[in-house]
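Peer 1: Before I ask anything, here is the structure I am working with.
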C-alpha cells in the first residue's frame, strides 16, 4: 500500500521561501500572484495491506518525525 | 566537572566545543558518537553546532531521533544538564527537550557575523557568572535560527524568565520572535541557544566575552 503525505506550514507561520518564490514569479512577469506557500510531499511504500492499520502507522510516522506539529499540518492519502 | 560532547554525521563544531570546555573548566570533555545507546557518567552534555544529516527533512530532525538522544532525554528528565548550541539547539527542540522550533531566517540568508547578546537570566548553570542585563558579543553562523513558538509558550517563556539570551542593540540576525537567542527549560537544566559562545573565549578569537559562561559551569 502507498501513502501520500502532504506537509504544509500552519497559517500564520512565516514562509520566507514561499515569499522568495512569489518574488521570483513576479520577476518572470507572472502577475496576479497573491501569495505562495511552500510545502513538502512524501510517498511511503508500506508492506501493510490493511488500510486502517496503515493509516494508524502513517499517522504515528507523521507525528513522530515527518511533520513538526508546532509549525506544520499534514494530510494523509492512502491508495 | 565531567562533560560529554555528542557528534552526529554532519556536525562540525564539536572540536571547538571540546576545546572550549577544556580551556575554561580544565577538564577534558568526552566525545560521544550518536549511535551510542548510553551516555558516560557526566554532569553536562553538550549538543554542538553543525549541519547534522545535512539538515535533511528539517534542521535537527533526524539527529533528534538518534539512539543517544533517547538516553539524553531520559537523563535530562532526571536533571542532567544539557546545552544545545546552534544545530544543537535545533536538535534538542526537535527532540522535545525545549519548546518551540527554529525556522529559516526571515531574510532567507545564512548569517555569519557577530551579534550582541543581553543576559536576561543570570540564574542558570551557564550564566551564573554574568550580570543580569549585561551585554556581550558573540558570533552566530546559521541559516535557520528564527525562533518560533505558539502564543501560550511565548507567554510562559517570558513570564517565567526563561528567555536566557536576547539579541540586543538591533542585532537580531534571523527575525526570531521577541529577539530570542536562547532559552532554558522550566526545570532549569536544559539550555538551547543559536549563537556560538565557544568561539569567543580566547584571545585568538578577538574577544573573550563568552568565557565567563563556561566558567559558570564550574560553579553550577
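Chains as they are written, first to last, in the working numbering: chain W, 535 to 613; chain A, 3 to 222. Glycine is no exception: its CB is placed at the ideal position from the N, C-alpha and C atoms.
(1) Smallest Cα separation from residue 117 of chain A: which of A:167, A:154, A:105 and A:134?
(2) Leaving out five residues before and five after residue 549 of chain W in sequence, what residues of the same chain have Cβ atoms less than 7 Å from its Cβ?
(3) Consult DSSP for residue 213 of chain A and reduce its assignment to one of helix, strand or coil.
(4) Starting from residue 167 of chain A, follow its DSSP beta bridges and name the residues at the other end.
(5) Taking the beta carbon of residue 80 of chain A as the centre, do at least 16 other beta carbons fall within 10 Å, making it buried, or is it exposed?
(6) Determine, using beta-carbon pairs with one atom in the stretch 117-132 of chain A and one in the stretch 209-218 of chain A, whether at least three such pairs fall under 8 Å.
(7) For residue 88 of chain A, name the three-state secondary structure that DSSP assigns.
(8) Using a cut-off of 8 Å between C-beta atoms, extract the partners of residue 539 of chain W located in chain A.
(9) Between residue 545 of chain W and chain A, is there a C-beta pair that is closer than 9 Å?
(10) Can you tell me which of the three DSSP states residue 15 of chain A falls into?
(11) Inspect the beta-carbon positions of residue 170 of chain A and residue 119 of chain A and report whether they are closer than 9 Å.
(12) By the criterion of Cβ-Cβ separation under 8 Å, what are the contact partners of residue 102 of chain A in chain W?
(13) Who are the near neighbours of residue 148 of chain A in its chain, counting only those whose CB is closer than 6 Å to its CB and skipping five residues on each side?
(14) Could you spell out the range, first to last residue, of the beta strand (DSSP E) harbouring residue 619 of chain W?
(15) Is there a Cβ from chain W that is less than 9 Å from the Cβ of residue 45 of chain A?
(16) I want to verify the contact list: residues of chain W whose CB lies under 8 Å from the CB of residue 108 of chain A, in sequence order.
(17) Going by beta carbon distance, what residues of the same chain come within less than 7 Å of residue 211 of chain A, once the five residues before and after it are set aside?
Peer 2: Reading from the atomic positions:
(1) Position 115 of the second chain, counting from 1, holds the residue named residue 117 of chain A. The candidate whose alpha carbon is nearest that of residue 117 of chain A is A:167.
(2) Within the first chain, the letter at position 15 stands for residue 549 of chain W. Cβ within range, chain order: 543, 571 and 572.
(3) In the second chain, the residue the question calls residue 213 of chain A occupies position 211. Note: residue 213 of chain A maps to helix in three-state DSSP.
(4) Here the question's residue 167 of chain A lines up with position 165 in the second chain. Residue 167 of chain A pairs with A:121 and A:184.
(5) Here residue 80 of chain A refers to the residue found at position 78 when the second chain is read from its first residue. Exposed.
(6) Cβ pair count under 8 Å is three or more, so yes.
(7) One-based indexing of the second chain puts residue 88 of chain A at position 86. In the structure shown, residue 88 of chain A falls within a coil segment according to DSSP collapsed to helix, strand and coil.
(8) Against the first chain, residue 539 of chain W aligns to sequence position 5. By Cβ distance, chain A contributes nothing, its closest Cβ being about 12 Å from residue 539 of chain W, past 8 Å.
(9) Along the first chain, one-based indexing puts residue 545 of chain W at 11. Proximity of residue 545 of chain W to chain A, defined by a Cβ-Cβ separation below 9 Å, is not satisfied.
(10) Here residue 15 of chain A refers to the residue found at position 13 when the second chain is read from its first residue. The three-state reading of DSSP puts residue 15 of chain A in coil, since its state is none of H, G, I, E or B.
(11) The residue given as residue 170 of chain A occupies position 168 in the second chain. The residue given as residue 119 of chain A occupies position 117 in the second chain. Closer than 9 Å, so yes.
(12) Counting from 1 along the second chain, the entry for residue 102 of chain A is found at position 100. What residue 102 of chain A touches in chain W: 604.
(13) Locating residue 148 of chain A in the second chain gives position 146, counting from the first residue. Here the set comprises 105, 107, 108, 176, 177 and 178.
(14) Because residue 619 of chain W is not part of the residues shown, which for chain W are 535 to 613, the question remains open.
(15) The residue you call residue 45 of chain A lines up with position 43 of the second chain. Judged by the 9 Å Cβ criterion, residue 45 of chain A is not in contact with chain W.
(16) On the second chain, residue 108 of chain A is found 106 positions in, with the first residue counted as 1. Near residue 108 of chain A (Cβ distances below 8 Å), the residues of chain W are 548 and 550.
(17) In the second chain, the residue the question calls residue 211 of chain A occupies position 209. The beta carbon of residue 211 of chain A lies closer than 7 Å to those of 138, 139, 140 and 202 in the same chain, with the five residues before and after it left out.
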